[in-house]
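Worksheet: one structure, shown below.
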Amino acid sequence: MRNLIVAMMCIFFAKTVAAQQADSLAFDEHNKYIYYQTVAQADLSKDTLYRRGLYFMKTAAPKSKIKLSLADEAQGVLTGNGSFMVAKKALILSSVGGQITYTLRIEVKDAKYRYWFTGFVYTPYQRDRYGADVPTPGVNIPLEEAKNKVDKRDLAVYLDKVLQNSRQVGAILKSYMLKTSSLPKTDKGIKKISTKEW
Amino acid sequence: MKKTLLLLSFLSIAAFTVKAQDTVKTTSDAPLVIYGSVDTYYKYDFAKRPNIQTSFASDQNSVSIGMIDLGLKKKVGKASFVGEMSFGPRGQEQSIPDALYGSLPAGTSSYHIQNLYVSYDVTASFNLTAGYMATFVGYEVISPAANFNYSTSYLFSAGPFQNAGFKATYAFSDKVSLMAGVFNDNWNTYKSNSGTPEVSTFGAQLFLAPVKGWTAYINLASGKYSGTVLDLTTAYQITDAFKLGLNAARKTGAGALNYYGYALYPQLAVSKTVTFGLREEYFKAKATNSGPDIGIAPGNSVFASTLTANIKAGPLNFIPEFRLDHTKNIDGFVKSDGLTGTKSASQFVLAAVYSF
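Pasting the structure below:
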């Protein structure tokens, strides 16, 4: 029985490690950070996947968060630019660290598609005279070069946030690619209950 | 026992798996944010007496405090507020308004509002703001966390610190915006305080970002009680390591004493924690002034060179600084005997500023 427990724990550990390896940041051939995923989508044509990808780019997030920059139907390529905020790590209070912009590229073929996030650029924020946190003009740091320009602890937090954001946006993309109408609809209306009959 | 162990193993693995899938909860509205800074300094003037009359860092051969600055801000939808107040010499009697203008003796005021305003985004491009705000004029500010140099320029000390009023800002694009507003009759007061209190100062700011990394603000504040200030504040991050700033201003008319001048701010980052910067300033007090302006007699001018380093250790910023001021026509300073006039003064400051 003890062997069984050890074996099962080993299997789970191995699976967890494998999942982490497939779902993590890596470096591409240009030594740039990349979050890369390939997804099989059986029985769906390239055209269908392209339309769903385009719909995702246009509707999944506000334009301030993801903005379509290239749509090439013939090649089955969609490219967009996105951004998200990051906070500096602190024990009790956290402060705005800055903004990270990125490029999202989606490529579709019959029965499969792939997507990746790359081109991560960090813009530090500074507090202005009115107490507002605003981008530091002219300072844009590719994350690959950030170790020489950003605090080590902050950089670790930012890279973790890059991974989280890539997973989140990737998960939304997958839901759109499964079925455009499969977006979870939240019923915000309040249910009506009749008290006349009971 | 084995079943329990097995169950615990499954629960542990499940817990770790769930933890790994955790995502950051995001909401459309930002939480209440607390921010601010704390600063302290040591200054030594080589004439063994405080000579240079600019704001703050005033105490000779003393480990002294600046202020604790505490701010709260929150934004819900399109509406936001900022409330920021300071305690300590830098934020109290060395800044205006002081208790002198109220019912208490000078130097005994208990706090100083730095910012207290409410703001509303009518659209993504159009914003309305009302309250008591840091002035839109000039390069330097009261908060030590927002300045590169610890000692301040003559232009800063001679110009407005804060303005109370109502302003509207329209952003034509991310490269051009225009602010226009009406402000109280005098600078640096929580309320209109002229003989017939009125909101009579007009203020405007044109923001331009001609190229990436270059920002320029052309500022105008004009009123019958506060006079007219025309100001250019610009900075250009030329490379990742090198930044060049410029402030040029001219004050005429009623209110504070009149002046003109400019200051150049080259800064070079030599590592991710160390940046060196110079401030080269020229300041001239108008000959028609009724008395000295920041220690500069009417018609006299001063050239001030300040070499500063910012050495960062996380949120803590150490600021060693050496400053040399030289007046042109009239002795603006006093030698160590306390009697003999001189045209030159020099000082060393070591400050520490913690920002949060």
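These protein sequences, in sequence, are chains R and C. In terms of our numbering, the first sequence is numbered consecutively and its last residue is 198. In terms of our numbering, the second sequence is numbered consecutively and its last residue is 356. Heads up, the beta-carbon is just placed ideally off N, CA and C, and yes, glycines get one too. Bear in mind that the values here come from a model prediction, so they are computed numbers and not experimental data.
With 7 Å as the threshold, decide whether the Cβ of residue i is near any Cβ in chain C.
i                      : result
residue 139 of chain R : yes
residue 131 of chain R : yes
residue 63 of chain R  : no
residue 174 of chain R : no
residue 149 of chain R : yes
Can you look up residue i in the DSSP assignment and give me helix, strand or coil?
i                      : result
residue 169 of chain R : helix
residue 157 of chain C : helix
residue 179 of chain R : coil
residue 158 of chain R : helix
residue 132 of chain R : coil
residue 184 of chain C : coil
residue 142 of chain R : strand
residue 320 of chain C : strand
residue 53 of chain R  : helix
residue 90 of chain C  : helix
residue 147 of chain R : helix
residue 121 of chain C : strand
residue 279 of chain C : strand
residue 144 of chain C : helix
residue 127 of chain R : strand
residue 191 of chain C : coil
residue 48 of chain R  : helix
Taking Cβ positions only, does residue i come closer than 7 Å to chain R?
i                      : result
residue 134 of chain C : yes
residue 308 of chain C : no
residue 233 of chain C : no
residue 122 of chain C : no
residue 267 of chain C : no
residue 272 of chain C : yes
residue 215 of chain C : yes
residue 53 of chain C  : no
residue 205 of chain C : no
residue 115 of chain C : yes
Might you give, ordered along the chain, the residues of its own chain that have their beta carbon closer than 6 Å to the beta carbon of residue i, omitting 5 neighbours on each side?
i                      : result
residue 136 of chain R : 124, 126
residue 274 of chain C : 311
residue 73 of chain C  : 33, 82
residue 26 of chain R  : 34
residue 207 of chain C : 177, 217
residue 344 of chain C : 326
residue 331 of chain C : 341, 342, 343
residue 348 of chain C : 44, 322
residue 265 of chain C : 245, 279
residue 171 of chain C : 125, 177
residue 142 of chain R : 121
residue 282 of chain C : 261, 262, 303
Leaving aside the five residues before and after residue i along the sequence, list all residues of the same chain whose C-beta is less than 7 Å from its C-beta, in chain order.
i                      : result
residue 96 of chain R  : 85, 87, 125, 133
residue 157 of chain C : 54, 55, 294
residue 399 of chain C : A query on residue 399 of chain C cannot be resolved here, the shown segment of chain C reaching from 1 to 356 and no further.
residue 21 of chain R  : Any reading at residue 21 of chain R is ruled out, since the residue's pLDDT is 43, under 50, leaving its predicted position unreliable.
residue 28 of chain R  : 34, 118
residue 49 of chain R  : 41, 108, 113, 177
residue 121 of chain C : 78, 127
Tell me which same chain residues have a C-beta within less than 8 Å of the C-beta of residue i, skipping the five on either side of it?
i                      : result
residue 290 of chain C : 257, 298
residue 191 of chain C : 164, 184, 197
residue 65 of chain R  : 82, 83, 84
residue 288 of chain C : 258, 298
Quiz prompt | Members of the stretch 55 to 89 of chain C that neighbour chain R once the beta carbon cut-off is set at 7 Å | solution = 71, 73, 82, 84
Exercise. Give, in chain order, every residue of the stretch 112 to 123 of chain R whose Cβ lies closer than 9 Å to some Cβ of chain C.
Key: none
Quiz item: Which runs of the beta strand (DSSP E) spanning at least 3 residues fall entirely within the stretch 236 to 268 of chain C, listed in chain order?
Solution: 242 to 252
Self-check item: Members of the stretch 137 to 164 of chain C near chain R, C-beta cut-off 8 Å
Solution: 141, 143, 145, 146
Practice problem: Report the residues of the stretch 324 to 348 of chain C with a CB closer than 8 Å to any CB of chain R, ordered along the chain. | Solution: none
Self-check item: Residues of the stretch 28 to 46 of chain C with Cβ closer than 7 Å to any Cβ of chain R, in chain order
Solution: 34, 35
Self-check item: Near-chain R residues of the stretch 178 to 189 of chain C (beta-carbon distance less than 7 Å), N- to C-terminal order
Solution: none
Quiz item: If you scan the stretch 87 to 118 of chain R from start to end, which runs of the beta strand (DSSP E) of 3 or more residues do you find wholly inside it?
Solution: 95 to 109
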